[in-house]
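Enquirer: Residue numbers (the numbering used here): 765 to 884. Positions of the beta carbon are idealized from the N, C-alpha and C atoms, including for glycine.
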């Protein structure tokens, strides 16, 4: 699926949201990284005031080849200095399990929630 992601900066709620859905593929990774850098530059001096949210609720599947890249992404998100980190889990149990495993592998310090309502 092309463009299976969207990045939103919500200054009023101090949220930096990366929403990924569908069947995320290697061909999507480069575009997501570029969008992340572009949107992230808008809050660069205020990162510590923002909460990072990876909204994966609509993510149906992740190519196995992307799991290493996912671990690297979790490391990057953890190192940037966001105030808090959240992952909204996929509705797909198998995909949620893959994501949790990748996060645990690198000791991701964020919190997993079932929906955007769980973001504090």
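Considering Cα atoms alone, identify which of 879, 813 and 803 is closest to residue 776.
Expert: That would be 813, whose Cα lies nearest to the Cα of residue 776.
Enquirer: Candidates 782, 778 and 833: which alpha carbon is nearest residue 811's?
Expert: Looking at the Cα atoms, 778 is the closest of the given residues.
Enquirer: Which residue from 824, 809, 837 and 823 puts its Cα closest to that of residue 798?
Expert: Residue 837 is the option with its Cα nearest to residue 798.
Enquirer: So who's on the other strand from residue 853, going by DSSP bridges?
Expert: According to DSSP, residue 853 bridges with nothing at all.
Enquirer: I'd like to know whether the C-beta atoms of residue 862 and residue 817 end up nearer to each other than 8 angstroms.
Expert: Going by C-beta atoms, residue 862 is not nearer than 8 angstroms to residue 817.
Enquirer: Report the residue from 873, 828, 846 and 823 whose alpha carbon sits nearest the alpha carbon of residue 785.
Expert: Ranking the options by Cα distance to residue 785, first place goes to 823.
Enquirer: If you reduce the DSSP assignment to three classes, tell me which class residue 838 lands in.
Expert: Helix, per DSSP.
Enquirer: Based on DSSP bridge pairs, tell me the residues matched to residue 832.
Expert: According to DSSP, which records beta bridges pairwise, residue 832 is partnered with nothing at all.
Enquirer: What whole-angstrom Cβ distance do residue 780 and residue 846 have, given they're in contact under 8 angstroms?
Expert: Right, the Cβ-Cβ distance comes to about 7 angstroms (below 8 angstroms), so this counts as a contact.
Enquirer: From the DSSP output, read off the bridge partner residues of residue 875.
Expert: Partner(s): 850.
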